[in-house]
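Start counting the sequence shown at 302; every next residue gets the next number (my numbering).
C-beta: ideal position from N, C-alpha, C; glycine also.
Computed from a predicted structure; not experimentally measured.
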Amino acid sequence: PKIYNTNAVRIMHFIEENPGCHLRSIKKTLNVSIGTAQYHLSILEKAGKITSFRRGFYKFYYLSGIFENNEKDILQVFRQETPREMLLFVLENKNPTQTEIVNKIGISRAAINWHINRLIQLKLLEEHRIGKYKRYQVPAIHYKNITSLLKNHYPAIWNAWSNRLVDLFLSLSADRE
């Protein structure tokens, strides 16, 4: 069915531009009441235009038929600064320890541990014991999804991250000379 209501169209466009958004971000950005947002989200979902994915206290919204479940998990992580930074740090630095992650991210060990466990639960991180240390890595099957989702849906983060990688490669090649 065709959606004509202005608020519904705005909400659907917002979800298209911000996959994995949740109710409060829709309300705040589009300046609509919670009730209005909930009503139109319900209508859009019943019409098959969007799907929702509940995790914990939050319900995340996506356009229908666009993303696989593992991509939804990745997009959900990208919407939160700490787990996003952790995931990108682990991708950049092969097999970092929890201490290295704590030093980079700058929050408590307990908070990092909570995020690590959540990322492991989502199967976006793997934990390996190497010697006396636990080390973390992103499973290789997620590399392509992470980079393409980051590039396509978070271009500003992609640009900053790719610039960091270029700097890293340049410094490594300078060290070899």
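Same chain only: Cβ atoms within 8 Å of residue i, ignoring 5 sequence neighbours per side
i, result
"I406", "T383, E386, M387, F390, I413"
"L392", "V439, Y444, I447"
"M313", "I304, L345, K350, I351, L364"
"H416", "T383, P384, M387"
"Q339", "L324"
Reference residue i; option with closest CA among the options
i, options, result
"E344", "A461, Y305, L420", "According to the sequence displayed, residue 344 carries Ile and not Glu. Selected option, being the one with the closest Cα: Y305."
"I367", "R419, Q422, I408, N453", "N453"
"K424", "G432, R355, C322, Y437", "Y437"
"A441", "K395, N464, N319, E369", "K395"
"G355", "Y444, E369, H323", "First, the amino acid is wrong: residue 355 is Arg here, not Gly. For the residues Y444, E369, H323, the minimum Cα distance to R355 belongs to H323."
"N319", "S463, H429, N460, Y455", "Y455"
"Q419", "G336, Y444, G357, T337", "Looking at the sequence shown, residue 419 is not Gln but Arg. Nearest of G336, Y444, G357, T337 to R419, Cα basis: G357."
"I431", "I316, Q399, Q339, D374", "Q399"
"E401", "E369, S463, G336, Y434", "Y434"
"N317", "L342, E428, E427", "Rather than Asn, the amino acid found at residue 317 in this sequence is Glu. For E317, the nearest C-alpha among the options comes from L342."
For residue i, the residue or residues it bridges with in DSSP
i, result
"R410", "Its beta-bridge partners do not exist; DSSP assigns none."
"Q438", "E427"
"H323", "F361"
"F354", "F361"
Min CB distance residue i to chain B below 7 Å
i, result
"R355", "Chain labels in this structure do not include chain B; a single protein chain is all it has."
Beta-carbon proximity list for residue i, same chain, < 6 Å, skipping 5 on both sides
i, result
"R410", "V403"
"Q422", "none"
"G321", "F361, L376, Q377, R380"
Spatial neighbours of residue i in its chain, beta-carbon cut-off 7 Å, leaving aside the 5 residues before and after
i, result
"E372", "N446, L450"
"P397", "F390, V391, R436, Y437"
"D374", "L423, L425"
* Sufficient close CB pairs (3 or more, under 8 Å) joining the segment 362-379 to the segment 329-336 -> no
* Just checking, does the segment 308-319 make contact with the segment 335-355 on the three C-beta pairs under 8 Å criterion? -> yes
* Asked: Just checking, does the segment 317-329 make contact with the segment 362-370 on the three C-beta pairs under 8 Å criterion?
  -> yes
* To do: Could I get the ranges of all uninterrupted alpha helix (DSSP H) runs contained in the segment 364-414, with 4 residues as the minimum, in chain order?
  => 370-379, 382-393, 399-406
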